[in-house]
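J.:
Residue numbers (the working numbering), protein chains in the order written: chain A, 1 to 115; chain B, 116 to 231.
(1) Within this structure, are the beta carbons of residue 55 of chain A and residue 122 of chain B separated by less than 8 Å?
(2) For the beta strand (DSSP E) holding residue 2 of chain A, just list the boundary residues, first then last.
(3) Is residue 210 of chain B buried or exposed, if buried means 16 or more other CB atoms sit within 10 Å of its CB?
(4) In terms of DSSP beta bridges, what is residue 111 of chain A paired with?
(5) Less than 8 Å between CB atoms is the rule here; does residue 122 of chain B satisfy it with respect to chain A?
(6) Name the DSSP beta bridge partners of residue 50 of chain A, please?
(7) By the criterion of Cβ-Cβ separation under 8 Å, what are the contact partners of residue 109 of chain A in chain B?
(8) Go ahead and pull the three-state DSSP assignment for residue 200 of chain B.
(9) Give me the residue from A:65, A:92, A:88, A:106 with the minimum Cα distance to residue 11 of chain A.
(10) Apply the 10 Å Cβ neighbour rule to residue 1 of chain A and answer buried if 16 or more other Cβ atoms are within range, or exposed otherwise.
(11) Could you tell me whether any Cβ in chain A is nearer than 8 Å to the Cβ of residue 188 of chain B?
(12) Rounded to the nearest angstrom, what separates residue 73 of chain A and residue 195 of chain B at their Cα positions?
(13) Hey, does residue 183 of chain B have any beta-carbon neighbour from chain A nearer than 8 Å?
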């Protein structure tokens, strides 16, 4: 158990709909990253938040948005869903290793299926 | 150009043998980090091992070791004494950029199958 929680585990919805994915980082971690993993693909970085502020943006579509709240949990909002949005969405929080370098610990993911 | 390249889409290894998963990277940063993650069929991403660009010794974590060759820009994962439970997808990743705005870039993965 990485300490990062994500809800829901599975989500099935229809095209055109809007969903919200939720993530709680490890205790003490201020950074949250969101990734999309389509079938048999690597991870595509979507967006990063640090202590409530957006820090970096990757290949995130305009239909997608995210925010990080004062309690540090984060939500990823996906709207006008298309079939191609079906994927595993991961949240990761950043932690400092013993050597002083940062790494990421991943949540279990939310599997989104758009029908 | 690909920042992280994993050239082996799939690998087989016999149980109890060692296997090397290849990873090459491309960055102009002096300070960066290299990681390996394991993704079993259940889907979770499990952190395995980390190597910093300034670390002179290769990282080791139990049966995992990272063969870091800086001049060649390679960071291969070596799994010793393979077990059936090692069957999974393995991703190489790089962290680059200034602190606070780190970017993590992942390779396309190598699917490892351990044979009994």
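A virtual CB, placed ideally from N, CA and C, is assigned to each residue, including glycine.
T.: Based on what the coordinates show:
(1) no
(2) Per DSSP, residue 2 of chain A belongs to no beta strand (DSSP E) and is neither H nor E.
(3) buried
(4) A:10, A:88
(5) no
(6) According to DSSP, residue 50 of chain A bridges with A:31, A:53.
(7) The answer, in chain order, is 158, 159, 160.
(8) helix
(9) In terms of CA proximity to residue 11 of chain A, A:88 leads the group A:65, A:92, A:88, A:106.
(10) exposed
(11) no
(12) Whole-angstrom Cα-Cα distance: 38 Å.
(13) no
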